[in-house]
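> If you read the sequence shown in our numbering, its first letter stands for residue 90, the second for the next number, and so on.
Glycine included, each C-beta is placed from N, C-alpha and C at the ideal position.
All of these numbers come straight from a predicted model, not from anything done at the bench.
One structure is given below, represented as structure tokens, and several questions about it will come after.
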Amino acid sequence: LSYSFTGASIPLEAKTISIGYFSNEAALINPALSSTLTDALRDRFASQTRLDLVNSRGDLSIEGHITGYTASPTAIQGNDVAAQYRLTVTVKVIFVNNVDETQNFEQSFSRFEDYSSTLDLNVVQDNLVATITEALVDDIFNKAVVNW
Numbered sequence: 090l091s092y093s094f095t096g097a098s099i100p101l102e103a104k105t106i107s108i109g110y111f112s113n114e115a116a117l118i119n120p121a122l123s124s125t126l127t128d129a130l131r132d133r134f135a136s137q138t139r140l141d142l143v144n145s146r147g148d149l150s151i152e153g154h155i156t157g158y159t160a161s162p163t164a165i166q167g168n169d170v171a172a173q174y175r176l177t178v179t180v181k182v183i184f185v186n187n188v189d190e191t192q193n194f195e196q197s198f199s200r201f202e203d204y205s206s207t208l209d210l211n212v213v214q215d216n217l218v219a220t221i222t223e224a225l226v227d228d229i230f231n232k233a234v235v236n237w
């Protein structure tokens, strides 16, 4: 039996969660992304579940790494010039539910945001990464503990 006001479906036997640091293994590295993603995941589980965050061996466990961070053209206009670029972040996640192992999964999650080619990525990437991170955290949280 489980209950929640956030839509999370967590077995009552589960008391703790451990969320490992998401290392960055992408070819292109955003130095802040690992910390940003890891902290956002920990904050989400701390604020929206009754689980206690522990350093290791939680009843539920999330670990993973960033596998992709790419900026690529999406809308090509005349003279083969990109009018728009897309920043895409991909993470591989391993979720272990030690209370109900049928809930375990290993999956890649990917989210993107588009931006104008008139803007430099270095100028807009902090806002883009914040939006992408929030979407990735939603996806991971929903897959791990919201069983729609």
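1. Please report the distance separating the alpha-carbon of Val143 from that of Ser107.
2. Does DSSP put Val234 in a helix, in a strand, or in coil?
3. Taking C-alpha atoms, which residue in Ile99, Gly167, Ser205, Ile155 lies nearest to Glu114?
4. Do Leu176 and Phe201 have their C-beta atoms within less than 8 angstroms of each other?
5. Who are the near neighbours of Ser150 in its chain, counting only those whose CB is closer than 6 angstroms to its CB and skipping five residues on each side?
6. Just grab the DSSP bridge partners of Gly167 for me.
7. Would Leu126 and Val213 qualify as a contact pair, given that the criterion is a beta-carbon distance under 8 angstroms?
8. Between the C-alpha atoms of Ser112 and Tyr174, what's the straight-line distance to the nearest angstrom?
9. Considering only residues of the same chain and omitting the five flanking positions on each side of Ala103, which have a CB-CB separation below 6 angstroms?
10. Which runs of the beta strand (DSSP E) spanning at least 3 residues fall entirely within the segment 136-223, listed in chain order?
11. In angstroms, rounded to a whole number, what distance separates the CA positions of Pro162 and Asp203?
12. Who are the Cβ neighbours of Ala172 in its own chain at under 6 angstroms, not counting the five residues just before and after it?
13. Short check: CB of Ala129 to CB of Thr222, under 8 angstroms?
14. DSSP three-state label for Ile229, please.
In this structure, then:
1. As a position in the sequence shown, residue 143 is number 54, starting the count at 1. As a position in the sequence shown, residue 107 is number 18, starting the count at 1. One C-alpha to the other measures close to 5 angstroms.
2. For the purposes of this step, residue 234 is taken as residue 145 along the sequence shown, with counting starting at 1. It is helical.
3. One-based indexing of the sequence shown puts residue 114 at position 25. Out of Ile99, Gly167, Ser205, Ile155, Ile155 has the C-alpha closest to the C-alpha of Glu114.
4. If you number the sequence shown from 1, residue 176 lands on position 87. If you number the sequence shown from 1, residue 201 lands on position 112. Contact: yes.
5. The sequence position of residue 150 within the sequence shown is 61, counting from 1. Result list for Ser150: Ser107, Val185, in chain order.
6. Stepping through the sequence shown from its first residue, residue 167 is reached at position 78. Answer by DSSP bridge pairing: none, since Gly167 is not bridged.
7. Counting from 1 along the sequence shown, the entry for residue 126 is found at position 37. Counting from 1 along the sequence shown, the entry for residue 213 is found at position 124. Not in contact: Leu126 and Val213 (Cβ atoms no closer than 8 angstroms).
8. Position 23 of the sequence shown, counting from 1, holds the residue named residue 112. Position 85 of the sequence shown, counting from 1, holds the residue named residue 174. Separation of Ser112 and Tyr174 (C-alpha to C-alpha, rounded to the nearest whole angstrom) is 25 angstroms.
9. Residue numbering aside, residue 103 sits at position 14 when the sequence shown is read from its first letter. The residues are Asp148, Leu149, Val188.
10. Qualifying beta strand (DSSP E) stretches, in chain order: 141-143, 149-166, 170-186, 194-205.
11. Position 73 of the sequence shown, counted from the start, is the residue given in the question as residue 162. Position 114 of the sequence shown, counted from the start, is the residue given in the question as residue 203. Pro162 and Asp203 have their C-alpha atoms roughly 9 angstroms apart.
12. Against the sequence shown, residue 172 aligns to sequence position 83. Excluding residues up to 5 positions away in sequence, Ala164, Gln166, Ser206 lie with their Cβ nearer than 6 angstroms to the Cβ of Ala172 in the same chain.
13. What you label residue 129 is simply residue 40 of the sequence shown in a count that begins at 1. What you label residue 222 is simply residue 133 of the sequence shown in a count that begins at 1. Result yes, Cβ atoms of Ala129 and Thr222 sit closer than 8 angstroms.
14. Taking the sequence shown and counting its residues from 1, the one referred to as residue 229 is at position 140. Here Ile229 sits in helix by DSSP.
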